[in-house]
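Trainee: Each residue of the sequence shown is one higher than the one before, counting from 48 in the numbering used here.
Each residue gets a CB set at the ideal place from its N, CA and C atoms; glycine is no exception.
Below you'll find the structure I mean.
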Amino acid sequence: MDREVKVKVKNKRAYSEQLRSGERYYMNLLRVFLSLVIVFSIGCVYLYFWLYYYERHSINGALTQYVKDVTDRKWDKVYREDRRYFTELNTKEAVTDFLFYVYGDKKPGGMTFSFANKDETYQYYDCYYRQSYIATLQIVKPENSRVWKVRTLIGSNNYEVETLNSSTFRINDIPITPDYKHEDNLVPGAYAGYELDDKLPRVSNYFIGNIVGTPAIVPENENNIVIRDYTASRFMIGQKPDTSQRSEFAAAINDTAMAYCKYITEDGTLYDLKQHLLPGTVFYDAISSFNNQWFTTHESIDFQNIDIFDILPVGDNAFIGSIRFDYVVTATNVSQTYSNHYQMFFIRDNNNDWKCINIYTVSTDDSSPSLPNVNIEEPEEEAPAEESPQPQST
């Protein structure tokens with residue numbers, strides 16, 4: 048009887064030990080499983096952040112993030128980074144309008160990027176939407192930054208600003224510092240190549256790129272004036288003419304413009320016009336060989352609505368000015384009005400007289416034809432006045 052009891056107790060004790068052993072086994076297995084889960088989770092988190100870091104700090108990641116910001120209309124962020132990391136002289140409104148025009152309702156998922164070019168500072172990538180080119184992106188990694196910065200290039204709207212007398216100025220209300228300066232001690236671009244360097248002052252040249260539309264340039268000094276030089280994508284800044292200069296310059300502009308128009312319509316002679324021109328220039332040679340026989344017979348001419356403006360002294364021996372007027376030609380009680388806008392460039396000759404070296408046709412009223420400029424090739428046959436060709440610039 049006692050023997051049987053001892054056996055039962057032993058078997059019960061062995062069973063308990065087996066149960067505890069099993070529990071320890073499964074607990075250890077659970078610990079291993081949980082450890083693996085934790086390690087795997089840490090690995091996934093690390094991989095996620097590594098991929099996020101790589102994507103954010105890669106060129107492709109920067110390009111993708113940029114177009115996402117643009118298409119999400121995050122204009123404040125986009126413009127703020129443009130101003131901080133690039134030479135951004137456009138207003139926020141101008142940039143916003145341009146980007147909205149370029150990207151419209153396009154989605155980032157449909158965009159791809161292709162390397163286009165690079166220089167010492169920047170790299171350039173073409174952006175495609177569903178295989179169609181939409182824009183070129185400029186990208187740079189600034190010093191002390193691990194993230195690439197991106198902007199959309201506006202295009203070929205690049206300008207030069209030439210300043211006389213160390214003039215300072217603003218573009219779109221943004222001060223332009225000497226850091227923007229490209230070159231010093233240059234002959235004004237409108238007068239370059241005429242071998243008149245000894246008569247001209249020197250200018251500082253600023254290169255202004257990536258502009259939306261025409262920049263709003265304002266001199267810091269109220270005694271200065273800014274004019275646009277239409278012979279190139281260029282502006283000039285210098286001191287305003289005084290009353291005496293303005294009167295003198297305006298007379299030369301008016302007389303030359305009238306002699307020019309009269310010669311074209313055969314109401315004046317080449318001799319009358321040449322008195323106002325400097326010999327040896329391209330313009331002088333062109334007007335000398337110009338055939339003005341195309342203009343139809345008429346009875347009278349009249350200058351109306353004359354406006355002389357944008358007069359800029361270029362040192363003591365040169366000046367630039369513009370004139371706008373209506374030139375009315377009448378034939379058999381029928382009148383034809385030619386609206387003209389000329390920019391004219393003058394130099395003082397050795398006799399102290401003002402001579403024009405170039406007349407540039409700036410624009411005309413779209414509702415009426417305009418007189419041709421002197422580099423129009425001789426026509427094969429006569430054309431009536433109402434079908435006169437659009438002017439070209441010399």
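1) Quick check on Asp-413: does DSSP put it in helix, strand or coil?
2) Compute the distance between the beta-carbons of Ala-306 and Leu-320, then report whether it is under 7 Å.
3) At what residue ranges does the region 138-199 contain a whole run of the alpha helix (DSSP H), taking only runs of 4 or more?
4) Assuming Val-208 and Ile-106 make a contact with CB atoms under 8 Å, what is their CB distance in whole Å?
5) Does Pro-262 pass the burial test, meaning 16 or more other C-beta atoms within 10 Å, or should it be called exposed?
6) Return the bridge partner residues of Phe-356 from the DSSP annotation.
7) Within 6 Å: the Cβ of Glu-167 and any heavy atom of the ligand HEM?
8) Determine the extent of the beta strand (DSSP E) in which Ala-387 is found, giving its start and end residues.
9) For Gly-236, which three-state DSSP category applies?
10) Tell me the rounded alpha-carbon separation between Phe-350 and Thr-183.
11) Under the rule that 16 or more other beta-carbon atoms within 10 Å means buried, what is Met-74, buried or exposed?
12) Does DSSP put Ile-311 in a helix, in a strand, or in coil?
13) So the candidates are Tyr-407, Gly-362 and Thr-344; which of them puts its Cα closest to the Cα of Asn-380?
14) For Tyr-172, count neighbouring C-beta atoms within 10 Å of its own C-beta (all shown protein chains included) and say buried if the count is 16 or more, exposed if not.
15) Classify Asp-129: buried if its beta carbon has 16 or more other beta carbons within 10 angstroms, exposed otherwise.
16) Around the C-beta of Ala-279, are 16 or more other C-beta atoms found within 10 angstroms, so that it is buried, or is it exposed?
17) Would Ile-274 and Asp-373 qualify as a contact pair, given that the criterion is a beta-carbon distance under 7 Å?
18) Could you tell me how far apart the beta carbons of Leu-136 and Asn-219 are, in whole angstroms, since I believe they sit closer than 8 Å?
19) Considering only C-alpha positions, which residue in the set Tyr-169, Ser-192 and Phe-392 is nearest to Val-329?
20) Looking only at its own chain, which residues have a Cβ that is under 7 Å from the Cβ of Ala-378, when we skip the five neighbours before and after it?
21) Does the beta-carbon of Pro-360 have 16 or more other beta-carbons within 10 angstroms, so that it is buried, or is it exposed?
22) Can you tell me whether Tyr-241 is helix, strand or coil according to DSSP?
23) Taking the alpha carbon of Asn-271 as the point to measure from, which residue in Pro-288, Arg-281 and Ala-299 has its own alpha carbon closest?
24) Sort out for me which residues DSSP pairs Leu-81 with in a bridge.
25) Any idea what DSSP makes of Glu-207, helix, strand or coil?
26) Measuring only the C-alpha atoms, how far is Ile-14 from Pro-248?
27) Which one or two residues does DSSP pair with Glu-346 in a beta bridge?
28) For the candidate residues Ile-348, Gly-240, Ser-251 and Pro-222, whose alpha-carbon lies nearest to that of Asp-231?
29) What is the DSSP secondary structure of Glu-295, reduced to helix, strand or coil?
30) If you run the structure through DSSP and keep just helix, strand and coil, what is Ile-201?
31) Take Ile-221 and list the residues in its own chain whose beta-carbon comes closer than 6 Å to its own, dropping the five residues that flank it on each side.
32) Report the residue from Asn-164, Val-194, Arg-127 and Thr-199 whose alpha carbon sits nearest the alpha carbon of Phe-147.
33) Is Gly-260 helix, strand or coil by DSSP?
34) Taking the alpha carbon of Val-259 as the reference point, which residue from Val-376, Pro-266, Arg-131 and Asp-144 has its own alpha carbon closest?
35) With distances taken between CB atoms, is the gap from Asp-276 to Ala-239 smaller than 7 Å?
36) How many Å lie between Asn-257 and Trp-195 at the Cα?
Mentor: Based on what the coordinates show:
1) For Asp-413, the predicted model reports a pLDDT of 32, less than 50, meaning its position is unreliable; a value from the coordinates is still stated below. Looking at Asp-413 - three-state DSSP - the assignment turns out to be coil, as it is neither helix nor strand.
2) Closer than 7 Å, so yes.
3) Look at the region 138-199 and you find these whole runs of alpha helix (DSSP H), each 4 residues long or longer: 139-150.
4) In this structure Val-208 is not in contact with Ile-106, their Cβ atoms being roughly 33 Å apart against a cut-off of 8 Å.
5) By the neighbour-count rule (16 or more Cβ atoms within 10 Å), Pro-262 is buried.
6) As computed with DSSP, Phe-356 is found in a beta bridge with Ser-369.
7) Only the bare structure without any ligand can be found here, which leaves the ligand HEM out of the picture.
8) Checking the sequence shown, residue 387 turns out to be Asn, not Ala. Residues 381-395.
9) Note: Gly-236 maps to helix in three-state DSSP.
10) Straight-line Cα distance between these residues: approximately 48 Å.
11) Per the 10 Å Cβ criterion, exposed.
12) Helix.
13) Taking the Cα of Asn-380 as reference, the smallest distance to any Cα among Tyr-407, Gly-362 and Thr-344 is reached at Thr-344.
14) So Tyr-172 ends up on the buried side.
15) It counts as buried.
16) Exposed.
17) Against a cut-off of 7 Å, the Cβ pair of Asp-373 and Ile-274 comes out as no contact.
18) Here Leu-136 really is in contact with Asn-219; their C-beta atoms are around 6 Å apart, less than 8 Å.
19) Of the candidates Tyr-169, Ser-192 and Phe-392, the residue whose Cα lies closest to the Cα of Val-329 is Phe-392.
20) Taken in chain order, the residues that qualify are Thr-343, Thr-344, His-345 and Glu-346.
21) It is buried - the Cβ of Pro-360 has at least 16 other Cβ atoms within 10 Å.
22) DSSP, reduced to helix, strand and coil, places Tyr-241 outside both helices and strands of the structure shown, so it counts as coil.
23) Taking the Cα of Asn-271 as reference, the smallest distance to any Cα among Pro-288, Arg-281 and Ala-299 is reached at Pro-288.
24) Bridge partners of Leu-81: none, in fact.
25) Assigned with DSSP and collapsed to three states, Glu-207 falls in strand.
26) Nothing about residue 14 can be reported from this structure: the residues present for the chain run from 48 to 441 only.
27) Residue pairing of Glu-346 in beta bridges, as defined by DSSP: absent, with no partner found.
28) The residue with the shortest Cα to Cα distance from Asp-231 is Ser-251.
29) The answer is helix: DSSP assigns Glu-295 an H, G or I state.
30) Ile-201 falls in the coil class under three-state DSSP.
31) Correct list, in chain order: Leu-136.
32) That would be Thr-199, whose Cα lies nearest to the Cα of Phe-147.
33) Gly-260: coil per DSSP, three-state reduction.
34) Of the listed residues, the one whose Cα sits closest to Val-259 is Asp-144.
35) In terms of Cβ geometry, Asp-276 and Ala-239 do not form a close pair [threshold 7 Å].
36) Rounded to the nearest angstrom, the two C-alpha atoms are 19 Å apart.
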